[in-house]
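Working notes, beginning with the structure itself.
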Amino acid sequence: MSEHDQDQPDISRPFEGVRVLELAEGISGPYAGRWLAALGADVVKIERTTGDPSRAFGPWPDDLPDDETSGLFLYLNGDKRSVTLNLETSDGREILRELAASAEIVIESFEPGYLPAHGLGYDDLSADNAALVMISISPFGQTGPNANLPATELTLYAASGQMWLTGHPARSPLKNGGSQPSYQAGLNAFAAITSAYYGAVMHEQGSYIDLSMQETYAAMAEAFHNRASQLGIETQRGGNFLHALWGVYELSDGYGGICALPRNYPGFARAVDLPELQEERFSDPGQRLVNNDELMAMLFGWFSGQTRQGLLDLGIEHRVPFGFVASFEDLSNSDHLQGRDFFARHDDERAGSLTYPGRLWLSSGHDWKMGRAPLLGEHNMDVIHGELGYEREDLVRLRELDAI
Amino acid sequence: MFDPGRPLTGVRVADLTMIWAGPYAAKILADQGAEVIKIESPRAWDNIRTLIPPPVALGEHWWNTNFYLHEYSRNKKSLSLDLASDDGKAVFARLLTQCDVVIENYRTDVMDNLGLSYDWLREQREDIIVVGMAGFGKTGPEKDAVGYGPIIEMMSGMTSTSGYGDDGVPYKSGISYGDPIAGICAAAAVATALIQRKRTGKGQYIDLAQREVMSTLLGEFYMDWSMNRRLPEHMGTGHDWMAPHNVYPCAGDDDWIAICVRTDAEWEGLRRAMGAPDWAERTEFSDQILRWEHRAELDELVGAWTSSMSKTDVFAALHAERVPSSPVWKMLEVIREPHLSARGFYEPLRHPEVGIWSVHGWLWRTDGAGPCILAPAPDFGQHNAEILGGLLGLSEDEQSALEQAGIIAARPEGVPLASEMPATPSLL
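Protein chains in written order, with numbering that gives the first Met the number 0: chain D, 0 to 403; chain F, 0 to 427.
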């Protein structure tokens, strides 16, 4: 162990000693806060007195709704501390200002304009804290004609252009499963915060960031929006196929597929081992597109004889981009993922035995915390009494005033 | 003077990435102010340059112009350098002494095969930060699996969640969703490692598996499996408690609008927007639970209203009533969408051989930041002299010798000019 390590025993996590105030509910802000907490930050999650609404979304063990066992909440809030505050009360706002004074990072997802109107905007919170990094996450950003338009996952999927591109060409546009507009915004927020915080550390100057979920999602429209703007060409949704070598096929035991660029063709032809694939009408990239339907018909037959694991193994053997549609059962039991310590495992007193993604990447220079999520208001005493110095009688009064 | 909009100013990145996931990461680093040097071999360039041949790719030097390249490599510099040769590697070693970060998204084994292992990189610069973005990671039984975005999406669990629900078919996203997701995360990994280096003085190696990052966007499904041994059902565009919650056809060619109602107040708004039709008074639509139970009939009635109007007119009526809704914007529409335009999301990009078109600017907006896009994607080898001469101090003779030996080049080897090319069918 070097001298440096002895001086700073907590250095194994990059955000150790960094305070984050999470004024965010649902998925996007909490997802970003979750990884900061896992990287060592002290993430104080400010919850409304009835709790983050994600506590009221499933799944729950045995389908029994319980604010302390929501799978969504438990996944997104590991290693945070929960403090309840009612920001509609002046006491609640005062406590928040006191907490913000010692924070390096604030994550918020209120409706645009709410925090500034309550004296809690970036200018207020950074007045005596110039290095503060604050990010606002909202459906459409803080400005513009739609800033205060309410949104859902589905409407954001449509507004970003993503939905137009997804689904079968002869059917209605389709939404991805889950809550991708929120999750991708949370991941972008995490990147924005880490980058801005690096700047704040280097220059002792903070910043205020306006993140629009619509924009971060629209930015992923691959090059399809560029194709529209550079060439004036519209893109039609293609369902599960771009062409024969880029699509999802039915296998003998599920679904799987191939995504091959022209340079992957030789390996593909070796792996599939059908003599026709050596013919120029398929091996030549240009002719292959002309004969796409014929090739695809042939491949429907070939894929239907493959198993999911067999296809993946064949891809590994021949270095061909093959894969299968994995289920959460497959993934939870995957030797590969388990061997890479991808999962957090937690025996929760209330929720039972849980296995879920516990980190983003593997690092030679730091590790990840994989602890449990807090109960509602679990840390009111530690934070408001222990750190801010309010007396116990104050806590009683604050509760009776509905401030905590 | 510190520009909070470009917090990574002063960071230099050796960018060995190709195609999409890696370049998306390096794009974010470049937008955030890092000096990103895109390094490509004269014989193994970023495949995206030539994936879409003329006539789609414009201009005589078409490997510099296609929209794919510019989407992911604006604000970067280009150094053409053959890392497989000893002399090229020696130049790279000199460059590394002045770099903070190396980022790559090659297949798992390629860096080691090139002799560019983490140990070797660290010998050139002890506190180097190295990010490897192999699809399945650098260790484990599946490390040698190869995959682009849709494979990553399939292998992460994502694709299993999506489908219409009536045919059992899982659907992939319309984009290569795994790529930008991995790219955003890799940019965060770089910033995190820079923070750690500032605290400890040490660099690190980051093994970022694209499939794992995508899987973190699906936490509730892992929980449902843990808690109830249940796998997701395909929901189509429906919802497990909201109704209406769907895409509805509008007048026009393949035009649709998404509408969602979460509360009685939003239902009242929708009712007013529709002109308070009699059917909306019926008792089976009088609360959220009843509306959800009668959602099939409700979808038909709402669809009958939307199908007589343009999607923008439906949206205007719903916007006024604060009902969550959005037209399903097509690509030619989203680039001119009024709200995004008002925020300046798309910015002009200028290239001498193509002219001006628009690309997206800031992923997120820092207060006080100016325009995001300072330069188009670099021409192949555009910054060779600046980097080799200016940064590394190689003489003009030394640079000429490298060019003579084919270690650097002004264009990808063997790629004809557009005017020399036979017409071929295009991928797109």
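Even glycine gets a Cβ: it sits at the ideal position worked out from N, Cα and C.
Validate contact between the region 332-348 of chain F and the region 168-177 of chain D using beta carbons, cut 8 Å, 3 pairs:
No, they do not touch.
Step through the CB atoms of chain D and report whether any lies within less than 8 Å of the CB of F/CYS249.
Not an interface residue.
If you follow the beta strand (DSSP E) that F/ILE205 is in, where does it begin and where does it stop?
Its beta strand (DSSP E) spans residues 203-206.
Quick one, are the C-beta atoms of D/PRO58 and F/MET222 less than 8 Å apart?
F/MET222 is positioned such that its CB atom lies closer than 8 Å to that of D/PRO58.
Quick check on the DSSP output: the beta strand (DSSP E) that includes D/ILE26 runs from which residue to which?
It is not in any beta strand (DSSP E) - D/ILE26 carries neither H nor E in the DSSP assignment.
State the beta-bridge partners of F/ASN245 as determined by DSSP.
For F/ASN245, which the question treats as bridged, DSSP gives the partners F/ILE258.
Buried or exposed (CB count within 10 angstroms, at least 16 for buried), D/ALA217:
D/ALA217 should be labelled buried.
Please state whether the Cβ-Cβ distance between F/VAL333 and D/HIS378 is less than 8 Å.
Cβ atoms of F/VAL333 and D/HIS378: not closer than 8 Å.
Of the residues D/ALA130, D/SER171, D/LEU374, D/GLN161, the one placed nearest D/THR68, counting alpha carbons only:
Ranking D/ALA130, D/SER171, D/LEU374, D/GLN161 by Cα distance to D/THR68 puts D/LEU374 first.
Members of the region 208-224 of chain F near chain D, C-beta cut-off 8 Å:
Cβ proximity to chain D below 8 Å picks out ALA208, GLU211, VAL212, SER214, THR215, LEU216, LEU217, GLY218, GLU219, PHE220, TYR221, MET222, ASP223, TRP224 from the region 208-224 of chain F.
Starting from D/PRO168, follow the beta strand (DSSP E) in both directions and report where the run begins and ends.
Neither: D/PRO168 is in no beta strand (DSSP E) and is coded neither H nor E.
For the region 219-238 of chain D and the region 156-163 of chain D, state whether three or more C-beta atom pairs, one from each stretch, are separated by less than 8 Å.
A contact exists between the region 219-238 of chain D and the region 156-163 of chain D.
Tell me which same chain residues have a C-beta within less than 6 Å of the C-beta of F/ALA272, skipping the five on either side of it?
Counting only residues of its own chain and dropping the five nearest sequence neighbours on each side, F/ALA272 has a CB closer than 6 Å to the CB of ALA316, LEU317, GLU320.
Kindly list the residues whose CB is nearer than 6 Å to the CB of F/SER159, restricted to its own chain and excluding five residues on each side of it in sequence; keep chain order.
Only residues of its own chain outside the window of five on either side were considered, and among them PRO169 have a CB closer than 6 Å to the CB of F/SER159, listed in chain order.
What residue ranges within the region 96-131 of chain D form continuous alpha helix (DSSP H) runs of no fewer than 4 residues, ordered along the chain?
Counting whole runs of 4 or more residues, the region 96-131 of chain D contains the alpha helix (DSSP H) stretches 113-116, 121-124.
D/THR142 versus chain F: which residues are under 8 Å apart at the beta carbon?
Result: ALA341, ARG342.
Flag D/PHE223 as yes if its beta-carbon sits less than 8 Å from any beta-carbon of chain F, otherwise no.
Yes, contact with chain F.
Complete runs of the alpha helix (DSSP H) confined to the region 40-79 of chain F [at least 4 residues]:
Segments of the alpha helix (DSSP H) lying fully in the region 40-79 of chain F: 66-72.
Which class does D/THR354 belong to by DSSP, given the choice of helix, strand or coil?
Three-state DSSP puts D/THR354 in a strand.
Could you give the residue range of the beta strand (DSSP E) that holds D/ASP347?
Counting along the chain, the beta strand (DSSP E) containing D/ASP347 begins and ends at 342-347.
Who pairs with D/TYR182 in a beta bridge, going by DSSP?
According to DSSP, D/TYR182 bridges with nothing at all.
In chain D, which residues lie less than 8 Å from F/GLU70 when you measure between Cβ atoms?
Simply GLU221, ALA222, ASN225.
Tell me whether F/ALA13 sits in a helix, a strand or coil according to DSSP, three-state version.
DSSP places F/ALA13 in strand when its eight states are reduced to three.
Cut-off 7 Å between Cβ atoms - residues of its own chain near D/ASP366, not counting five sequence neighbours on either side
Around D/ASP366: SER11, ARG12.
Please confirm whether F/CYS259 has its beta-carbon closer than 8 Å to some beta-carbon of chain D.
It does; some Cβ of chain D falls within 8 Å.
D/THR234 touches chain F at which residues, Cβ-Cβ below 7 Å?
From the beta-carbon of D/THR234, the residues of chain F found nearer than 7 Å are MET330.
Short CB-CB distance (under 8 Å) between F/ILE127 and chain D
The beta carbon of F/ILE127 does not come within 8 Å of any beta carbon belonging to chain D, so the residue lies off that interface.
Touching by the beta-carbon criterion (3+ pairs, under 8 Å), the region 61-77 of chain F and the region 367-381 of chain F:
The region 61-77 of chain F is in contact with the region 367-381 of chain F.
Please state whether the Cβ-Cβ distance between D/THR165 and F/SER172 is less than 8 Å.
D/THR165 places its beta carbon less than 8 Å from that of F/SER172.
Contact between the region 246-264 of chain D and the region 206-215 of chain D (3+ Cβ pairs under 8 Å):
No: fewer than three Cβ pairs fall under 8 Å.
Rounded to whole angstroms, what's the CA-CA distance from D/GLU2 to D/GLU15? Just pull it up for me.
With a pLDDT of 37 at D/GLU2, under the threshold of 50, the predicted position of this residue should be treated as unreliable, though the coordinate-derived value follows. For D/GLU2 and D/GLU15, the distance between alpha carbons rounds to 18 Å.
N- and C-terminal bounds of the alpha helix (DSSP H) containing F/VAL333
Unbroken alpha helix (DSSP H) run through F/VAL333: 330-333.
By the three-class DSSP mapping on this structure, what secondary structure does F/ASP178 have?
Of the three classes helix, strand and coil, the one that applies to F/ASP178 here is helix, per DSSP.
Considering D/GLU316, what are the terminal residues of the alpha helix (DSSP H) in which it resides?
Run containing D/GLU316: 307-317, per the alpha helix (DSSP H) assignment.
My guess is that D/GLU107 and D/SER135 are in contact by the Cβ rule of under 8 Å, so how many angstroms apart are they, rounded?
Sure, about 5 Å apart at Cβ, within 8 Å.
Could you check what DSSP says for D/LEU210 in three-state terms: helix, strand or coil?
Strand.
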